[in-house]
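**Student:** Residue numbers (our numbering): 486 to 691.
#1: Is residue 672 helix, strand or coil when you go by DSSP?
#2: Between the Cα of residue 589 and the Cα atoms of 570, 603, 596, which residue gives the shortest distance?
#3: Reducing DSSP to helix, strand and coil, say where residue 593 ends up.
#4: Smallest Cα separation from residue 596: which of 527, 684, 640, 615?
#5: Starting from the Cα of residue 529, find the closest Cα among 635, 601, 556 and give me that residue.
#6: Any contact between the stretch 643-651 and the stretch 608-623? By contact I mean 3 or more CB pairs, one from each, below 8 Å.
#7: Three-state secondary structure (DSSP) at residue 490?
#8: Would you kindly report the start and end of the unbroken beta strand (DSSP E) that includes residue 660?
#9: With a threshold of 16 other CB atoms inside 10 Å of the CB of residue 574, please say whether the residue is buried or exposed.
#10: Opposite residue 652 in the DSSP bridges: which residues?
#11: Secondary structure at residue 605, three-state DSSP: helix, strand or coil?
#12: Would you be able to state if there are at least three C-beta pairs under 8 Å between the stretch 548-564 and the stretch 577-588?
#13: Thinking C-alpha only, which one of 632, 540, 554, 593 is nearest residue 567?
#14: Taking the alpha-carbon of residue 630 as reference, which of 655, 619, 647 has the nearest alpha-carbon?
#15: Tell me whether the beta-carbon of residue 560 lies closer than 8 Å to the beta-carbon of residue 598.
#16: Helix or strand or just coil, what does DSSP make of residue 512?
#17: For residue 526, which residues from the same chain have a beta carbon less than 6 Å from its beta carbon, with the 5 sequence-adjacent residues on both sides left out?
#18: Got a sec? Which residues, its chain only, sit under 7 Å from residue 470 by beta carbon, not counting five neighbours each side?
#19: In the structure shown, what three-state DSSP assignment does residue 684 receive?
#20: How close, in whole Å, do the beta carbons of residue 678 and residue 664 come, if the pair is a contact with beta carbons under 8 Å?
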């Protein structure tokens, strides 16, 4: 039996970390496994992005409320819900020999059991939820939007926990189409999870 070796962790200070020049092809999942940043980092197309240092209380309440609701709805079904920290690995290589994107969505729903392994999810989840924080909204709204659209995440939910709003992007012919802006009191449905009717009053409840 081949011996499994845990990669040697490299202690790195993100504040002093220098990205290589433009000729550098980018980092990979192998690099990601070796890093030991104090911050939580994600890898998007070979580039490092830092997540918010610590989600605030409202962020966590929304995440817990939504995770419980989705988990209860999906009980006994093949779709599974996972809350961060949970690695999702994406690659253009069909054999996943080179992985240059590793992200940790706030909530992921995966309906294909073959995409799940002990390390997380390999391939696009069916539904991803990102709950915005002041320090990471640009990443969610730009870099991750493009990444999720490119790799075929069927629904992408963006929640603003302070304004109590939810925007749903649905993948149609390879492009995201936005919903109207939902707010507390609205009830929403999902094309990915037939039968789900989500009361946003309960999601934003403190």
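Positions of the beta carbon are idealized from the N, C-alpha and C atoms, including for glycine.
**Tutor:** On the basis of the coordinates in this document:
#1: strand
#2: 570
#3: strand
#4: 640
#5: 635
#6: yes
#7: Residue placement at residue 490 is flagged as unreliable, the pLDDT there being 44, under the threshold of 50; the coordinate-derived value follows with that caveat. Note: residue 490 maps to coil in three-state DSSP.
#8: 660-663
#9: buried
#10: 643
#11: strand
#12: no
#13: 593
#14: 655
#15: no
#16: coil
#17: 533, 535
#18: Residue 470 falls outside the range modelled here, since the chain spans only 486 to 691, and no answer is possible.
#19: strand
#20: Contact doesn't hold; Cβ gap of about 15 Å is too wide.
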